[in-house]
Amino acid sequence: MRLDHIGIAVNSIEEALKTYQSGLGFSLSDIATVEHQKVRVAVLPLGESRIELLEPTDLISPIRKFLDKRGEGIHHLCFKVRNLAEKLQQLEGAGLQRIDSIPCRGLENRKIAFLHPKSTHGVLIELVEEKL
Ligand code: ZN
Numbered sequence: 014m015r016l017d018h019i020g021i022a023v024n025s026i027e028e029a030l031k032t033y034q035s036g037l038g039f040s041l042s043d044i045a046t047v048e049h050q051k052v053r054v055a056v057l058p059l060g061e062s063r064i065e066l067l068e069p070t071d072l073i074s075p076i077r078k079f080l081d082k083r084g085e086g087i088h089h090l091c092f093k094v095r096n097l098a099e100k101l102q103q104l105e106g107a108g109l110q111r112i113d114s115i116p117c118r119g120l121e122n123r124k125i126a127f128l129h130p131k132s133t134h135g136v137l138i139e140l141v142e143e144k145l
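Written out as structure tokens, the structure reads:
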């Protein structure tokens, strides 16, 4: 598996870009909204992977809940897999717990699934199917 991105929860993408773009020198490749997840995402390329700044668009956004509970910071790690359905089956066999029973669609309409942090030592892990 390879790292696809690191998701960072922020209160404001514009504020965070002052640090990540102007300060740390990352370039911004895109800002998009994933409607059904109530999140606005800024994409900052980082080698073969990227950083995603995640800003809630709604009070019921999971990112809003995370910010209220824990404040800004690393929200999840995302790994690329060849075949998502196969990988999920294998992980379930190994006792890892999924958050959604059916993979959903994330940014750029990619097929994604999340693993529950309870089963991954406290880290929310997202898996994304690689487009071949
Ligand atoms: Zn993600």
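Under this note's numbering, residue 145 is the last one in the sequence shown; the count climbs by one each step, no gaps. C-beta atoms are modelled at their ideal positions from N, C-alpha and C, and glycine is treated no differently.
In this structure, how does DSSP classify residue i when only helix, strand and coil are distinguished?
i      : result
Ile26  : helix
Gly106 : helix
Phe127 : strand
Glu121 : helix
Phe39  : coil
Leu101 : helix
Thr46  : strand
Leu57  : strand
Ile138 : strand
Ser114 : coil
Asp71  : coil
For residue i, which residues in the same chain have their Cβ closer than 7 Å to its Cβ, ignoring the five residues on either side in sequence?
i     : result
Val23 : Ala29, Leu66, Leu67, Glu68, Glu85
Residues in the same chain with beta-carbon distance under 8 Å from residue i, minus the five sequence neighbours each way, listed in chain order, please.
i     : result
Phe39 : Tyr33, Leu57, Pro58, Leu59, Ile64
Arg15 : Glu61, Ser62, Phe92, Lys93
If residue i sits next to residue j, beta carbons under 8 Å apart, how far is it from one beta carbon to the other, in whole angstroms?
i      : j      : result
Val141 : Asp43  : Going by Cβ atoms, the distance from Val141 to Asp43 rounds to 16 Å, so no, they are not a contact pair.
Leu109 : Ser132 : 5 Å
Leaving out five residues before and five after residue i in sequence, what residues of the same chain have Cβ atoms less than 6 Å from its Cβ?
i     : result
His89 : Gly20, Leu137, Glu139
Checklist entry - With distances taken from each beta carbon to the nearest heavy atom of ligand 1, which residues come in below 5 Å, in chain order? => result Counting only heavy atoms of ligand 1, the residues whose C-beta sits closer than 5 Å to one of them are, along the chain, Gly20, Cys91, Glu139.
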